[in-house]
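Structure, as C-alpha cells:
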Amino acid sequence: MEIFERMEKHEHEQLVFWSEPKFGYRGIIAIHDTTLGPALGGTRFWNYDSDAEAILDVTRLARGMSYKAAITGLNLGGGKSVIIGDNRTRYREMIFRAHGRAVESLGGRYITAEDVGTSPTDMEYVLMETEHVAGILGRSGDPSPVTAYGTYVGIKAAAEHRWGDGSLEGRHVAVQGLGHVGYHLCRFLSEEGARLTVTDIAPDKVQMVVDDFGATAVEPDAIYAVDAEIFAPCALGAVVNDDTLKVFKFQIIAGAANNQLARTRHGEECHKRGILYAPDYVINAAGLINVYGERHGWDRDRSMKKAGEINWTLLQIFARAAEEDVPTALAADRIAEDRIAKVRHLQRSWV
Ligand SMILES: NC(=O)c1ccc[n+]([C@@H]2O[C@H](COP(=O)([O-])OP(=O)(O)OC[C@H]3O[C@@H](n4cnc5c(N)ncnc54)[C@H](O)[C@@H]3O)[C@@H](O)[C@H]2O)c1
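Everything in the sequence shown is counted per numbering that gives the first Met the number 0, starting at 0 for the first residue and increasing by one.
Right, here's the structure in full:
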C-alpha cells in the first residue's frame, strides 16, 4: 500500500522519516491523532525486514495509543516511533540522540517513552536532545505496581459485571507471568482472599509467589486448562487463540498482557461463548496513566486514584457490549471514538 493511502485509511495526521546514516540511525515517528493532546507513545527498536513492515507496525501502534489514551480519559493523542536496526547493539548513545533530535523537531507534538527493545538508559540519551520524553529514571519510577493495581480493579469490574459482586474473596484466579506486573497483581488478589494458581517460565519467580501468597504452581503450558473462574494473562500476547479456547474453562479473561487476542475473531469467539474479556488496552492502561502523571507532576497516590477509575471504565464497556450485543473490544473502541469525536467538537466559552 502507498504511504498516503495507508495514512488516509488509518487516519494518521503525520509520518516523519529521519535518517542519520553516520550513526546507523533510521527512525519513523507516527502521529495518529492529536485531538485530545500531544501524541504519546514509546519507541520500539526492531530489525524490520522492510520499510513497509516498519510503517505498518508504527502506524498500527500509534493508532492503538490514541484509543488507549481516549478510553482512559487522558488528554493525550496517539503516537509511536520505531528505530530500524538490531536492538542488541552496544553503540546506543548516538542512535538515541539522533532519535531525540527527530522527536525534538516536532516541538512537543510527540512525546516518546520506552518500549520493546529500548530501556530507561536509552531514554536518558533521548533526554540529552529533547524534553519530550517520559519514563525517565528518578521521575515517575517503575509503572508496574500502578499497572498491577489498574489490572486488579479491572478484574473486580469483570467480576461485578459477571456475578453482580466485585468481591474476589474465594474466587479462583489463574495468573500467567509473575514478572513486574504479575507479582504485584498476585499481592492485591491475595490480600482480598482470592485463590491463586500461577505459572512462569522462571522457577524463582514462581517460588516467590508460592512462598509469599500461598499460590499453587503449575507448568507453563498447563495454565490454560486450569479450572479457575478468572484467567489473568500477564506475560505474552496471543494467548487467546484457537488452541487455548478449546481448553478454557474460564468465565473471565482479564490481565495486563498486551495483544492478548491472537485475532479479532477470538474476541468474537469469547463473546459467543459468554467468556467476559476485559480489553487489554483498557485494563493495562495504568502504565500510561503513570507516564501522564509524570508529565503533570502527579504523586503516586494521584496516579493510583486515576488507575482506580479503570474499574468504572470497564463497567461502562461491559454494559455497552451487552446492550449492543458486540464483543467487549469493539464496545471499547466505540467509546474511545465517541470521546475523541466529542472533544473535537468542544466549544469553549469565555467569561
Ligand atoms: N509493566 C507495565 O507497567 C506494563 C504496562 C502495560 C502493559 N504491560 C504488559 O504486561 C505484561 C507483563 O509486563 P511485565 O512488565 O510484568 O513484564 P515482565 O517481563 O517483568 O514479566 C513477564 C513475565 O512473564 C514470564 N513469561 C514469559 N513467557 C512465559 C510463558 N510462556 N509462560 C509463563 N510465563 C512467561 C517471564 O518469565 C516474566 O516473569 C507484558 O505483556 C507487558 O507488555 C506491562
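Ideal Cβ placement from N, Cα and C applies to all residues, glycine included.
Just so we're clear, the structure is a prediction, and the values are computed from it rather than from any experiment.
Residue i CB to nearest heavy atom of ligand 1 below 7 Å
i, result
"A255", "yes"
"D199", "yes"
"H179", "yes"
"G286", "yes"
"T146", "yes"
"S143", "yes"
"C185", "no"
"A68", "no"
"L75", "no"
"P119", "no"
"P278", "no"
"P326", "no"
"K204", "yes"
beta-carbon residue i near ligand 2 non-hydrogen atom, thresh 7 Å
i, result
"Q175", "Here the bound small molecules are ligand 1; ligand 2 is not part of this structure."
Sequence-distant residues of its chain with Cβ nearer than 7 Å to residue i (five each side left out)
i, result
"M6", "L14"
"N240", "A261, H265"
"E128", "R96, G99, R100, E103"
"Y151", "L184, F187, L188"
"F22", "M93, I94, A97"
CB of residue i within 8 Å of CB of residue j, strictly
i, j, result
"A158", "G165", "yes"
"A351", "G176", "With the chain covering 0 to 350 only, the question about residue 351 has no answer from this structure."
"F212", "C185", "yes"
"I82", "G26", "yes"
"A214", "L195", "yes"
"V281", "A331", "yes"
"H98", "R62", "no"
"T111", "S80", "yes"
"I316", "A253", "no"
"V172", "A193", "yes"
"F44", "T117", "yes"
"A51", "G78", "no"
"V102", "Y109", "yes"
"L314", "A277", "no"
"L136", "L167", "no"
"K204", "G178", "yes"
"I251", "R161", "yes"
"L105", "I28", "yes"
6 Å CB neighbourhood of residue i in its chain, flanking five on each side removed
i, result
"A354", "Examination of residue 354 is not possible in this model, given that the chain is present from 0 through 350 alone."
"T71", "A284"
"R319", "A330"
"G181", "V174, C233"
Residues near residue i in its chain [Cβ-Cβ closer than 8 Å; skip 5 each side]
i, result
"I339", "D32, T34, L35, S65, A69"
"E113", "G41, T42, P119, D121, M122, G134"
"R59", "H9"
Report task. Give a yes or no on contact between the stretch 131-143 and the stretch 215-226, applying the rule of three or more CB pairs nearer than 8 Å. Result -> Taking a cut-off of 8 Å on C-beta distances, the stretch 131-143 does not touch the stretch 215-226, as fewer than three cross pairs fall below it.
Query raised in the report: Would you call the stretch 335-348 and the stretch 58-76 in contact, with 3 or more CB pairs under 8 Å?
Result: Between the stretch 335-348 and the stretch 58-76, the count of C-beta pairs closer than 8 Å reaches three or more; the two stretches touch.
Requested in this report: May I ask you to verify whether the stretch 116-126 touches the stretch 90-97, counting CB pairs closer than 8 Å and requiring at least 3?
Outcome: Yes: at least three Cβ pairs fall under 8 Å.
Query raised in the report: At what residue ranges does the stretch 139-197 contain a whole run of the alpha helix (DSSP H), taking only runs of 4 or more?
Result: Runs of the alpha helix (DSSP H) lying entirely within the stretch 139-197, each at least 4 residues long, are 143-162, 179-190 in chain order.
**Report entry** Stretch pair the stretch 320-333 + the stretch 270-280: three plus CB contacts closer than 8 Å
**Finding:** Yes: the two stretches touch, three or more of their Cβ pairs being nearer than 8 Å.
Requested in this report: Write down every uninterrupted run of the alpha helix (DSSP H) in the stretch 17-95 whose length is 4 residues or greater and which is fully enclosed by it, in chain order.
Outcome: Listed in chain order, they are 50-71.
Query raised in the report: Unbroken beta strand (DSSP E) runs of length 3 or more, entirely within the stretch 230-312: which are they?
Result: Counting only runs of 3 or more, we get nothing.
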